[in-house]
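Only one structure is covered here, and it is reproduced in the block below.
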Amino acid sequence: MCSMEKIASCQLAFTPIVSDDYIADVNRVLEIIINSGLENEVGVLTTFVRGEKSKVLKLIADIYEEMDGITNFSMDIKISNICGCGK
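Plus 1 on top of the position in the sequence shown (first one is 1) and you've got the numbering used here.
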């Protein structure tokens, strides 16, 4: 995954607030992440995403825009400019 382009690592936790169907909301966010084509790893509490910085930032914006019309939510996001690949 590491190359000369700028890589970003991101840890993301999406939390629906007062949702009619929080499981569907979380599953929709996971679908957006998977369809982004970015490297990802779904964990118990957060999802890890890694890829080109611009694509990671676009993913965050895409999640926000898609879910803004569906439910109230909070997103906890940690972003690093270290790719985590040993370089």
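We put the CB at the ideal spot given by N, CA and C, even for glycine.
Along the alpha helix (DSSP H) that carries residue i, what are the first and last residues, could you check?
| i | result |
| --- | --- |
| Ser20 | Careful: Ser20 lies outside any alpha helix (DSSP H) and carries neither H nor E. |
| Lys56 | 54 to 69 |
Taking 8 Å as the cut-off, is the C-beta of residue i nearer than that to any heavy atom in the ligand ZN?
| i | result |
| --- | --- |
| Ile83 | Ligands in the displayed structure: none, and consequently the ligand ZN is not present. |
Would you say residue i faces chain C, with C-beta separation under 9 Å as the test?
| i | result |
| --- | --- |
| Thr47 | Any reference to chain C falls outside this structure, which holds one protein chain only. |
Among residues of its own chain, excluding the 5 on either side of residue i, which ones have a beta-carbon nearer than 8 Å to its beta-carbon?
| i | result |
| --- | --- |
| Asp63 | Ile33, Ser37 |
| Asp21 | Thr72 |
Just curious, the beta strand (DSSP E) that residue i is in, first and last residue?
| i | result |
| --- | --- |
| Val43 | 40 to 43 |
| Ile78 | 73 to 81 |
If you compare alpha carbons, which of the options is closest to residue i?
| i | options | result |
| --- | --- | --- |
| Ser81 | Ser55, Met68, Asp69 | Ser55 |
| Ser10 | Gly44, Ile35, Leu58 | Leu58 |
| Phe15 | Asp22, Asp21, Val27 | Val27 |
| Ile35 | Glu66, Leu60, Ile71 | Leu60 |
CB-CB under 6 Å to residue i, same chain, minus the five flanking residues each way: which ones, in chain order?
| i | result |
| --- | --- |
| Asn73 | Ile18, Val19 |
| Tyr23 | Pro17 |
Among the residues of its own chain, which have a CB less than 7 Å from the CB of residue i, if the five just before and after it don't count?
| i | result |
| --- | --- |
| Leu13 | Thr47, Thr48, Val50, Met76, Ile78 |
State the CB to CB distance for the pair residue i and residue j, rounded to an integer number of angstroms; the pair is presumed to be in contact (CB under 8 Å).
| i | j | result |
| --- | --- | --- |
| Val30 | Met68 | 7 Å |
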